[in-house]
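Numbering (our numbering), first residue to last: 59 to 467. Virtual Cβ for every residue (Gly too), placed ideally from N, Cα, C. Remember, predicted model here, so these are calculated numbers, not experimental data.
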Ligand SMILES: Cc1cc2nc3c(=O)[nH]c(=O)nc-3n(C[C@H](O)[C@H](O)[C@H](O)COP(=O)(O)OP(=O)(O)OC[C@H]3O[C@@H](n4cnc5c(N)ncnc54)[C@H](O)[C@@H]3O)c2cc1C
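Spelled out as structure tokens, the structure:
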């Protein structure tokens, strides 16, 4: 593995205008990190990556590199691109062990900040503001930090140990973590301002599964993807499982069900293969794992022993046209994976925070909500995106929160 890392680093052409960096949403200085690694300056390489993206280790596991850094590498035009993900993984893994919580930290500002949610958005904000000298507390509804990184992305794609190590690093930077604390059900945003916080950040993600609103959706053998992935071990799905959906979450569910012992897992999608929104790599892995793909079947009802479907096709204007006849696809359990939306518990318990038509928090380009001092970013603002996109926007929002707090009388 380590030799492979060195070989990949040696293949890097150190381009004058690195396309890999252009392809990265957080503009990682890939050329610089590789040059430092080759000079045996791994600590500096780690600091370079971490200070630009505190989730660089997570990103090395879960970023869609094929369409980002690696997809833009010039070597990929005629052959294999430099596999930066393994280089980033090696450097960031090393660096997370030696973080001291002091490098680049500014003197205490004496100002308190509340961060609601510990997904990629909340963790990014917390690291940046803690380094700027703020007294940061994370309020997390779950018992452990990480958000979707812990309770959505399966262990075989992102080892949870990485998140435990991020928690240790947060604590080294002086961040306090209050787990099992769902804001909006008991404590609310007004309590934070009453207790001296100068600014509040909302990074609560999208955790309300979209429904299909079909008969049978409340049956005991029908589940929602995001609920299942939270703790697959408590489900008894049986041998034959149908996953309804065509995105990365559907693929994660299918691959997890297979790993948890289900023998026949199929993904039922109401369009053709070319419309799957899951990444090419994830689809290939799912096929290797034994997931069967069933296309152009529209689910019309859930049954105790399967689902009722109709054949469907797409019209020229993209409309899905269903045939008349129903057929039954048998299954012991069915899991619905058709996206998630935001929960409304915070905005309904706090005055002055506007949401858009989809229930997502309305913000300006700096993440300011309609209530002064309250900021938001990540999926709760953009809808379901990616880890690196949450990091990208949260970096901007952290700067805006800093500016706001510095401007306070
Ligand atoms: C199954 C699945 C697989 C994915 N795979 C990938 C992938 O491979 N690569 C990739 O880049 N992206 C992936 N994503 C998307 C990515 O994980 C999200 O875009 C990202 O996690 C969003 O970050 P966030 O901080 O906005 O929200 P989240 O990660 O959702 O974190 C929000 C946090 O807020 C907490 N919270 C919510 N409400 C409250 C409250 N009222 N009080 C206190 N805490 C609260 C939640 O418990 C959670 O910890 C995947 C998503 C899913 C669902």
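Run through DSSP, which three-state label would residue i get?
i: residue 405; result: helix
i: residue 81; result: helix
i: residue 203; result: coil
i: residue 125; result: helix
i: residue 107; result: helix
i: residue 275; result: coil
i: residue 164; result: coil
i: residue 390; result: coil
i: residue 325; result: strand
i: residue 211; result: coil
Buried or exposed: which applies to residue i, given that a residue is buried once 16 or more other Cβ atoms fall within 10 Å of its Cβ?
i: residue 313; result: buried
i: residue 136; result: exposed
i: residue 331; result: exposed
i: residue 214; result: exposed
i: residue 357; result: buried
i: residue 72; result: exposed
i: residue 263; result: buried
i: residue 222; result: exposed
i: residue 203; result: buried
i: residue 277; result: exposed
i: residue 111; result: buried
i: residue 400; result: buried
i: residue 207; result: buried
i: residue 345; result: exposed
i: residue 463; result: buried
i: residue 328; result: buried
i: residue 437; result: buried
i: residue 75; result: exposed
i: residue 447; result: buried
Is the beta carbon of residue j closer than 8 Å to that of residue i?
i: residue 435; j: residue 452; result: yes
i: residue 301; j: residue 366; result: no
i: residue 161; j: residue 105; result: yes
i: residue 459; j: residue 167; result: no
i: residue 180; j: residue 157; result: no
i: residue 134; j: residue 81; result: no
i: residue 138; j: residue 163; result: no
i: residue 255; j: residue 170; result: yes
i: residue 107; j: residue 149; result: yes
i: residue 242; j: residue 173; result: no
i: residue 211; j: residue 310; result: yes
i: residue 201; j: residue 178; result: no
i: residue 121; j: residue 77; result: no
i: residue 292; j: residue 324; result: no
i: residue 84; j: residue 439; result: no
i: residue 304; j: residue 230; result: no
For ligand 1, I want to know if residue i counts as a neighbour, meaning its beta carbon is within less than 7 Å of at least one of the ligand's heavy atoms.
i: residue 121; result: yes
i: residue 448; result: yes
i: residue 178; result: yes
i: residue 221; result: no
i: residue 413; result: no
i: residue 262; result: yes
i: residue 241; result: yes
i: residue 229; result: no
i: residue 198; result: yes
i: residue 313; result: no
i: residue 174; result: yes
i: residue 247; result: no
i: residue 444; result: yes
i: residue 287; result: yes
i: residue 307; result: yes
i: residue 438; result: yes
i: residue 211; result: yes
i: residue 419; result: no
i: residue 284; result: yes
Tell me which same chain residues have a C-beta within less than 6 Å of the C-beta of residue i, skipping the five on either side of it?
i: residue 298; result: 322, 389 and 390
With a threshold of 7 Å on Cβ separation, who are the neighbours of residue i within its own chain once the five nearest residues in sequence on each side are excluded?
i: residue 392; result: 279, 280, 300, 302, 360 and 365
i: residue 371; result: 354 and 379
i: residue 424; result: 454, 455 and 458
i: residue 12; result: In the structure as shown, the chain begins at 59 and stops at 467. Residue 12 is therefore absent and cannot be evaluated.
i: residue 442; result: 264, 397 and 398
i: residue 339; result: 124
Would you check whether ligand 3 has a heavy atom nearer than 7 Å to the C-beta of residue i?
i: residue 401; result: What this structure holds is ligand 1, not ligand 3.
Looking only at its own chain, which residues have a Cβ that is under 8 Å from the Cβ of residue i, when we skip the five neighbours before and after it?
i: residue 94; result: 100, 102, 103 and 106
i: residue 246; result: 404, 407 and 408
i: residue 91; result: 103, 106, 107, 145, 146 and 149
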